[in-house]
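Chemist: In terms of the numbering used here, the sequence shown is residues 1 to 240. Heads up, the beta-carbon is just placed ideally off N, CA and C, and yes, glycines get one too. Provided herewith is a single structure, encoded as structure tokens, for subsequent inquiry.
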Amino acid sequence: MDGKIERLQGLIDGAERIVFFGGAGVSTESGIPDFRSVDGLYNQKYDYPPEEILSRSFFDRYPDEFYRFYRDKLIVRGAKPNAAHEYLARLEKRGKLRAVVTQNIDGLHQAAGSKNVLELHGTLLKNYCVRCGRRYEADFVQNASETPRCPACGGIVRPDIVLYEEGLDQDVLSRAVTEISRADMLIIGGTSLAVYPAAGLIHYFRWPHLVLINKSPTPMDSMAELVIAGKIGEVFSQLR
Ligand code: NAD
């Protein structure tokens with residue numbers, strides 16, 4: 001075990017109310033691309049930048065384009081939880097971790113067995129008709145070859161994710177604030193901390209044990225007690 005991993009293990013052993021705050025980098029080792037890495041979605045060429053395609057006004061105007069991107073890049077069929085998701089689920093089971101606050105929309109924390117997962121940006125696993133509100137499973141949307149339409153009313157079916165220009169769910173937001181402000185250790189991992197208001201939530205953490213695990217530097221590195229530059233699945237797989 002190298003020195004930093006050993007220190008992280010010591011902090012985890014001493015903590016009782018850990019909260020994990022993560023983003024797309026947690027799922028890259030499961031084969032789902034993030035946005036801002038060199039091979040991430042922002043560095044690939046589309047007719048429009050990803051944040052425009054994933055905005056509410058774009059979805060309303062060009063649902064077919066939105067769904068082309070969705071099928072191409074957002075949905076990764078067969079993606080499985082990796083060592084990072086699995087370690088966090090184990091920490092929760094052991095009573096050490098109180099919550100996973102995630103910007104991810106892929107459902108992999110729950111697939112690994114985590115229970116208290118606060119999905120700030122919603123989930124691709126739930127979908128609803130924008131006209132009548134009927135709910136649909138992910139398969140219904142993923143199996144559609146074109147823009148999925150509600151069989152009952154003909155309205156467009158959309159994933160229950162927070163698009164750019166839309167507000168975050170107030171209940172999820174306030175639960176995340178509560179968990180973070182009560183935590184005695186906050187582990188931030190796999191996020192550029194560039195997407196607001198989600199990234200702003202970490203400022204509700206008041207205790208000293210702030211740990212950052214990320215492949216590239218973040219704006220919060222100077223605030224952290226411990227910064228580990230590496231792959232989060234590889235880091236977590238060295239821990240008890
Ligand atoms: P981001 O793409 O802005 O940043 C990802 C960060 O993770 C980068 O700093 C990168 O260096 C780091 N990283 C990549 N792989 C890593 C690994 N294996 N270990 C440690 N660090 C790693 O992602 P973000 O901050 O989450 O913000 C992007 C937004 O995009 C979020 O709102 C999220 O909803 C959405 N998104 C979600 C998914 C998903 O659900 N899996 C995928 C792409 C984008």
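Consider the C-beta atom of residue 183 and the heavy atoms of ligand 1; say whether any pair is separated by less than 7 Å.
Modeler: Working through the sequence shown from its first residue, we reach residue 183 at position 183. Not so, every heavy atom of ligand 1 lies at least 7 Å from the Cβ.
Chemist: Taking C-beta to C-beta, are residue 221 and residue 212 nearer than 8 Å?
Modeler: The sequence position of residue 221 within the sequence shown is 221, counting from 1. The sequence position of residue 212 within the sequence shown is 212, counting from 1. The answer is yes: Cβ separation under 8 Å.
Chemist: Here's the rule I'm using: 16 or more other beta-carbon atoms within 10 Å means buried, otherwise exposed. How should residue 115 be labelled?
Modeler: The residue you call residue 115 lines up with position 115 of the sequence shown. Looking at its Cβ environment, which holds fewer than 16 other Cβ atoms inside 10 Å, residue 115 is exposed.
Chemist: Does residue 170 pass the burial test, meaning 16 or more other C-beta atoms within 10 Å, or should it be called exposed?
Modeler: Numbered from 1 along the sequence shown, position 170 holds the residue referred to as residue 170. Its Cβ having fewer than 16 others within 10 Å, residue 170 is exposed.
Chemist: According to DSSP, is residue 126 part of a helix, a strand, or is it coil?
Modeler: Within the sequence shown, numbered from 1, the residue matching residue 126 stands at position 126. Note: residue 126 maps to strand in three-state DSSP.
Chemist: Please say whether residue 96 and residue 18 have beta carbons closer to each other than 8 Å?
Modeler: Within the sequence shown, the letter at position 18 stands for residue 18. Within the sequence shown, the letter at position 96 stands for residue 96. The answer is yes: Cβ separation under 8 Å.
Chemist: With hydrogens ignored, establish whether the beta-carbon of residue 105 is closer than 7 Å to any heavy atom of ligand 1.
Modeler: For this step, residue 105 is matched to residue 105 along the sequence shown. Checking every heavy atom of ligand 1 against the Cβ of residue 105, one is found closer than 7 Å.
Chemist: Say yes only if the C-beta of residue 214 is nearer than 7 Å to one or more non-hydrogen atoms of ligand 1, and no if none qualify.
Modeler: Stepping through the sequence shown from its first residue, residue 214 is reached at position 214. Checking every heavy atom of ligand 1 against the Cβ of residue 214, one is found closer than 7 Å.
Chemist: Report the three-state DSSP secondary structure of residue 223 (helix, strand or coil).
Modeler: Indexing the sequence shown from 1 puts residue 223 at position 223. In this structure, residue 223 counts as helix in the three-state DSSP scheme.
Chemist: My assumption, with CB atoms under 8 Å, is that residue 131 sits in contact with residue 153. Please give the rounded CB distance.
Modeler: Numbered from its first residue, the sequence shown carries residue 131 at position 131. Numbered from its first residue, the sequence shown carries residue 153 at position 153. Indeed they touch by this definition, with Cβ atoms about 5 Å apart.
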